[in-house]
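**Q** If you're matching positions, the sequence shown starts at 463 in this note's numbering and goes up one per residue.
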Amino acid sequence: MLRKALAAIILIPIVLLLVMFAVANRQVVTLSFDPFDAANPAYAVAVPLFVLIFVLVVLGVLLGGVAAWLRQGRWRRAARRLDGQMRRLNDEVHELRRREMERKSQPNSQPMAPSVPMLPPL
463 MLRKALAAII
473 LIPIVLLLVM
483 FAVANRQVVT
493 LSFDPFDAAN
503 PAYAVAVPLF
513 VLIFVLVVLG
523 VLLGGVAAWL
533 RQGRWRRAAR
543 RLDGQMRRLN
553 DEVHELRRRE
563 MERKSQPNSQ
573 PMAPSVPMLP
583 PL
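Structure representation (structure tokens):
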């Protein structure tokens, strides 16, 4: 309940500011994609200024997210490698504990020297 109220307290003013920005910037601008003929462009679009700004902001956020994701690739790869290694070691510990419990449950069993040092129980 508190989380929803806090989100509303933050989001409502942001939405109001965006609506006010859009209303204040309704004038139409011509977006030209022809760098050689500014007077008579081959392809031009007339859009409200706020639409152009919102589209550019969204594209900037997407490009920034993709760039950050690509930069963090080596860390994700290292995390996957270490996660696999941790799982293998955990399985090995459980197998060694199972063998030790079986050995202790057999009568007249001689203690055998562990091939690897025993880890303390978790």
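By construction, the Cβ of each residue, glycine as well, lies at the ideal position given by its N, Cα and C atoms.
Going by the beta-carbon positions, is the gap between Gln-489 and Leu-511 smaller than 8 Å?
**A** yes
**Q** So, with DSSP's three-state summary, where would you put Ala-500?
**A** coil
**Q** By how many angstroms is the C-alpha of Ala-484 removed from the C-alpha of Val-513?
**A** 8 Å
**Q** In terms of DSSP beta bridges, what is Val-507 paired with?
**A** Leu-493
**Q** Under three-state DSSP, which class holds Met-463?
**A** coil
**Q** Taking Cβ positions, are Ser-494 and Ala-506 nearer each other than 8 Å?
**A** Yes, the pair counts as a contact, with Cβ atoms nearer than the cut-off.
**Q** Give the single residue among Leu-521, Asn-502, Thr-492, Ala-501 whose Cα lies nearest to the Cα of Ala-508.
**A** With distances taken between CA atoms, Ala-508 lies nearest to Thr-492 out of Leu-521, Asn-502, Thr-492, Ala-501.
**Q** Measure the C-alpha to C-alpha separation of Glu-562 and Leu-525 and round it to an integer number of angstroms.
**A** 55 Å
**Q** Looking at the secondary structure, which residues open and close the alpha helix (DSSP H) in which Arg-488 lies?
**A** From DSSP, Arg-488 is part of no alpha helix (DSSP H); its letter is neither H nor E.
**Q** Return helix, strand or coil for Pro-569, following the three-state DSSP convention.
**A** coil
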